[in-house]
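Engineer: One structure coming up, written as structure tokens, with questions to follow.
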Amino acid sequence: MAKKGIPKLRNKIATSGHILSLYPIHKTVEILGRNCYDAIEVWAEELELQIKRRETSIQKIKSALKKSGMVGVIHAPLHDLTHKFKEKYNICSKDGKLREKSIHESLWALDIAHKLGFHVVTIHPGHTDSKEDVADKEYWRLLIDAFKQLAKRAEKLDVKIGVEPMENIPKEFVIAPKHLDRIISSVDSKNLGVTFDLVHTYTHGEKKPVEFIDQLHKEKIFHVHISGVTKEKTHVPFFMTRIHHRYFDKVIGMLVKNYSGIISIEGTIKGIMPLTKTNQKFVVKKNMEYIHKELKSLHFS
10 MAKKGIPKLR NKIATSGHIL SLYPIHKTVE ILGRNCYDAI EVWAEELELQ
60 IKRRETSIQK IKSALKKSGM VGVIHAPLHD LTHKFKEKYN ICSKDGKLRE
110 KSIHESLWAL DIAHKLGFHV VTIHPGHTDS KEDVADKEYW RLLIDAFKQL
160 AKRAEKLDVK IGVEPMENIP KEFVIAPKHL DRIISSVDSK NLGVTFDLVH
210 TYTHGEKKPV EFIDQLHKEK IFHVHISGVT KEKTHVPFFM TRIHHRYFDK
260 VIGMLVKNYS GIISIEGTIK GIMPLTKTNQ KFVVKKNMEY IHKELKSLHF
310 S
């Protein structure tokens, strides 16, 4: 949605809806449209909660998207926001009830994507149930079985799944290209691919994003996440990032040679700035300014 004097970009730029979490999702679409975004990444658990509270609806979101000329993607639920302790979902948990609930929520996200006319759903891979657990054969069996179930639904709905490799933190074990290859080859579905998250790969080492892209099957990248990172926190606004913009631009440049899809900006101000509507809109504006000023690889020359 380029305006006069603003560079035309190679890829559609989205932002995660949770950056504007104080707004109903259909209002978030309107705000993003006014700030030259092309798309929104809707977090399914926030959508589910807003629908239950009657703050938004599928029809309102579709109408806002049409009016703004925007498209979108879905991020599958990470937490049960209705649970007292905001229970974290885990599609390969050895706790059968939690695993079943987690798969059910991801299936729901695929259905919602189809209803909204979105074509990609990002799903986090499972993790071990505790920091002490080893990612043994049973965890891998449960994980691959879960993705087989999800891929089957995705094929039926003509929706793609982007498996997101995770940060260098305890419990996570799908963290490298070889792990993604294991999942994708085991499931063997044209609808299963990768959501590349630059900051996740950066937590494994400053040179890892470049290595990661070199090892990935480029045609299997279905979606991309970008954001800033500090020593203490991942997914922060770009004006706070410790990643130098030249390195960041180099990595993005490698991606867009083969990737023409949506690039989503993640990162919230929670724990960084007061959580107000004014600050949320400020971050949305500043993130897009960073894209236009610093990420030259995204610009059409």
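Numbering-wise, this note's numbering comes out as the position in the sequence shown, counting from 1, plus 9.
We treat Cβ as the ideally placed atom computed from N, Cα and C, and that holds for glycine.
I need the straight-line Cα distance from K227 to T277, nearest angstrom please.
Structural biologist: Their Cα atoms are separated by approximately 28 Å.
Engineer: Nearest CA to the CA of W52: which residue from K279, S115 and G42?
Structural biologist: Checked all of K279, S115 and G42; the closest Cα to W52 is S115.
Engineer: Whole angstroms is fine: what's the gap from H301's alpha carbon to E275's?
Structural biologist: Each residue's Cα considered, the two are about 16 Å apart.
Engineer: Is DSSP giving I184 helix, strand or coil here?
Structural biologist: Three-state result, I184: coil.
Engineer: In the DSSP assignment, what are the bridge partners of W52?
Structural biologist: Answer by DSSP bridge pairing, in chain order: H84.
Engineer: Does the beta-carbon of T285 have 16 or more other beta-carbons within 10 angstroms, so that it is buried, or is it exposed?
Structural biologist: With fewer than 16 Cβ atoms within 10 Å of its Cβ, T285 is classed as exposed.
Engineer: Does the region 74-86 come close enough to the region 117-131 that 3 or more CB-CB pairs lie under 8 Å?
Structural biologist: The answer is yes - the region 74-86 touches the region 117-131, with three or more Cβ pairs under 8 Å.
Engineer: Beta strand (DSSP E) containing S25: first to last residue?
Structural biologist: Counting along the chain, the beta strand (DSSP E) containing S25 begins and ends at I22 to S25.
Engineer: Take every Cβ of the region 158-167, pair it with every Cβ of the region 182-195, and state whether three or more of those distances are shorter than 8 Å.
Structural biologist: No: the two stretches stay apart, fewer than three of their Cβ pairs being nearer than 8 Å.
Engineer: On the DSSP letters alone, give me the boundaries of the alpha helix (DSSP H) that L116 sits inside.
Structural biologist: L116 -> alpha helix (DSSP H) spans G105 to L125.
Engineer: Which residue marks the beginning of the alpha helix (DSSP H) containing G42, and which one marks its end?
Structural biologist: Run containing G42: I34 to R43, per the alpha helix (DSSP H) assignment.
Engineer: Report the start-end ranges of each alpha helix (DSSP H) in the region 246-309 that is 4 residues or longer and not cut off at the edges.
Structural biologist: For the region 246-309, whole alpha helix (DSSP H) runs of length 4 or above, ordered along the chain, are 254-265 and 286-303.
Engineer: Sorted by chain position, which residues of the same chain lie with C-beta nearer than 6 Å to Y299's C-beta, five sequence neighbours on each side aside?
Structural biologist: Closer than 6 Å at the Cβ level, and outside the excluded window around Y299, lie F247.
Engineer: Please report how far the alpha carbon of Y32 lies from the alpha carbon of H234, in whole angstroms.
Structural biologist: Y32 and H234: Cα-Cα distance of roughly 22 Å.
Engineer: Using the Cα positions of M10 and R150, report the straight-line distance between them to the nearest angstrom.
Structural biologist: Note that M10 has pLDDT 48, beneath the 50 cutoff, so the model's placement of it is unreliable and no number is given.
Engineer: For H232 versus F182, is the C-beta distance shorter than 8 Å?
Structural biologist: Taking 8 Å as the Cβ cut-off, H232 and F182 do not qualify as a contacting pair.
Engineer: Just the Cα atoms here: how many angstroms apart are G214 and A122?
Structural biologist: Approximately 33 Å between the Cα atoms of the pair.
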